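A quick write-up on the structure given underneath.
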Amino acid sequence: YTVRADTDLQNIVAVKLETLTDTELPNAGPGLADDGNFILSEFKLSVSNKGKNASPVTIELMNASADYAQDGSPVRHAIDSNAKTGWGISVGQDQPQTSHVAIFEMKEPIAREGGQRLTFTLSQQQGQRQLIGRFRLWVATLKSSDGDAKTQVASLRQQHREEAQAAWEVTMKRLAADWQVLDPQTF
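Following the numbering used here, the numbering of the sequence shown begins with 277 at its first residue and continues without gaps.
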């Protein structure tokens, strides 16, 4: 997929990719595989001046994090420049899928006079319908150009961790709802 968005936002420091479940997708998604999985081979971002035919500049992404990744398919594989790897979210055919979130930080904030055109490329090269079925993109900006960018980005990263922890606790509570404490007997 390629998504282009014009924006006047300044000091963009991160992108959030939200993959969304939907009852119309196999196993409610968020992917198109039979089990609702997807494999995101590469996530790329480029920027050019808004409204001009300028050549886009590739933005270096780093510190990829996600609320969940299947074994062997961590989110960092989505920015490793290797189309044979990728971020996957499979929990297996028997388990319901949930929406998932990945955060990609920029090495340097994006800020262009007159705004910019952001071009997001979601490359999915694994075949077998391992495609994202429904998604949403967000960008995070620094609160101001004053102050320490690293501190503000660290705060955004901590917020993402807390949101991921809360989502995990909700999932675990649902899965553990029928568990009962056993009173052991002396043998």
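Beta carbons: idealized from backbone N, C-alpha and C, even for Gly. In this text, all values refer to a predicted model and were calculated from it rather than measured experimentally.
- Secondary structure note for His353: it is in no beta strand (DSSP E), with a DSSP letter that is neither H nor E.
- Secondary structure at Asn339: strand, using DSSP grouped into helix, strand and coil.
- Assignment of Val429 by DSSP, reduced to helix, strand and coil, places it in the helix class.
- The beta carbon of Thr297 is closer than 7 Å to those of Ala304, Gly305, Pro306, Gln373, Thr374 and Ser375 in its chain, skipping five residues each way along the sequence.
- Per DSSP, the beta bridge partners of Gly307 are Ile408.
- Just so you know, the alpha carbons of Ala359 and Leu407 end up roughly 14 Å apart.
- Across the set Asp311, Leu285, Gln434 and Gln371, the C-alpha of Leu285 shows the shortest separation from the C-alpha of Lys326.
- Of all alpha-carbon atoms in Ile335, Ala330 and Thr283, the one lying nearest the alpha-carbon of Thr397 is that of Ile335.
- Taking a C-beta distance under 8 Å as the contact criterion, Asp343 and Ala440 qualify as a contact pair.
- Gln286 sits in coil when the DSSP states are folded into three classes, being neither helix nor strand.
- In the three-state reduction of the DSSP assignment, Glu389 falls in the coil class, being assigned neither a helical nor a strand state.
- Taking 8 Å as the cut-off, the beta carbon of Arg405 is found closer than this to the beta carbon of Leu308.
- In the structure shown, Glu445 falls within a helical segment according to DSSP collapsed to helix, strand and coil.
- Secondary structure of Ala378 (DSSP, three-state): strand.
- The continuous stretches of beta strand (DSSP E) do not include Asn313, and DSSP gives it neither H nor E.
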